[in-house]
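In my numbering, the protein residues as written are 149 to 377.
C-beta atoms are modelled at their ideal positions from N, C-alpha and C, and glycine is treated no differently.
Here the structure is a predicted model, which means the values were calculated and not measured.
Please read the structure below before turning to the comments.
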């Protein structure tokens with residue numbers, strides 16, 4: 149069995165997607181508007197990316213900055229549009245005003261995804277109680293990944309939490325894969341890999357010239373080689 153680590157790269161358009169795949173990305177997270185930390189892309193953008201690459205795509209379901217769900221009916225409508233265009237993997241995650249999982253919103257949306265696989269994103273890093281959130285979500289269909297830095301302040305601050313959670317993968321709520329992202333740097337990789345973490349998410353690290361420039365295949369390849377070392 150291969151122990152190849154998953155490398156997920158944020159893509160905003162088809163140019164990004166092609167470069168990320170060329171650099172060795174295993175999967176893409178599709179978003180728009182990084183000024184708002186990533187919102188749902190259009191159906192047209194999804195279709196263009198889907199026709200440009202053949203690796204898995206996880207599409208963000210989020211219509212406003214922050215971790216409140218906002219208008220769930222709009223989110224469901226967007227999910228239906230994307231599913232009609234062929235989307236079969238998603239990213240979502242919402243908190244209520246007290247920092248607990250917004251189960252009403254999440255369950256309504258997940259019920260419309262027909263069992264599709266999905267990631268609960270970095271809302272977990274803002275949760276009032278990470279352990280409680282994991283256990284609340286444990287039985288939802290399709291949840292196979294938590295995107296997390298271990299802390300709202302990024303991987304540097306979150307390393308102890310990430311390492312502790314990696315040691316609990318057989319416990320209820322901890323079975324989904326840990327996908328590390330948020331201030332992730334190459335120097336973090338050896339310690340995370342040694343702890344058994346096998347999935348990594350990069351955005352700005354794939355764009356040495358900033359978010360106004362496209363994904364750089366060479367930058368992605370540097371990560372691919374570090375993860376394969």
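Checklist entry - By the 10 Å Cβ neighbour count, where 16 or more other Cβ atoms means buried, how is residue 258 classified, buried or exposed? => result buried
Next on the checklist: Could you check whether residue 374 and residue 328 sit closer than 8 Å to each other, using their CB atoms as the reference points?
Outcome noted: no
Item to check | Assigned exposure category for residue 250 - 16 Cβ within 10 Å defines buried | outcome: buried
Checklist entry - Can you list, in chain order, the residues of its chain whose CB lies under 7 Å from that of residue 200, leaving out five sequence neighbours each side? => result 162, 165, 166
Item to check | residue 230 beta carbon less than 8 Å from that of residue 211 | outcome: no
Next on the checklist: For residue 320, tell me which candidate among 307, 303, 292 has the shortest Cα-Cα distance.
Outcome noted: 292
Checklist entry - Which class does residue 364 belong to by DSSP, given the choice of helix, strand or coil? => result coil
Next on the checklist: For residue 348, list the residues DSSP reports as bridge partners.
Outcome noted: 155, 328
Checklist entry - Among the residues of its own chain, which have a CB less than 6 Å from the CB of residue 241, if the five just before and after it don't count? => result Exclusion of the five residues before and after residue 241 leaves 268, 269, 271 as the residues of its chain whose Cβ lies within less than 6 Å of its Cβ.
Checklist entry - Hey, quick one: how far does the alpha helix (DSSP H) through residue 316 stretch, first residue to last? => result Counting along the chain, no alpha helix (DSSP H) covers residue 316, and no H or E run does either.
Checklist entry - Which whole runs of the alpha helix (DSSP H) in the stretch 158-241 are 4 residues long or more, in chain order? => result 162-171, 191-200, 220-232
Item to check | Span separating the alpha-carbon of residue 180 from that of residue 311 | outcome: Roughly 31 Å separates the two Cα atoms.
Checklist entry - How is the beta strand (DSSP E) around residue 292 delimited, first residue to last? => result 291-296
Checklist entry - Are residue 332 and residue 349 closer than 8 Å when you measure CB to CB? => result yes
Checklist entry - Hey, would you say residue 227 sits closer than 8 Å to residue 209, going by beta carbons? => result yes
Checklist entry - In whole angstroms, what separates the C-alpha of residue 189 from that of residue 207? => result 8 Å
Checklist entry - Would residue 302 pass as a contact of residue 309 if the rule is Cβ separation under 8 Å? => result Not closer than 8 Å, so no.
Next on the checklist: Suppose you measure from the CA of residue 273 to the CA of residue 296; what does that come to, to the nearest Å?
Outcome noted: 6 Å
Checklist entry - Which class does residue 265 belong to by DSSP, given the choice of helix, strand or coil? => result Assigned with DSSP and collapsed to three states, residue 265 falls in strand.
Next on the checklist: Is the separation between the beta-carbon of residue 171 and that of residue 355 shorter than 8 Å?
Outcome noted: no
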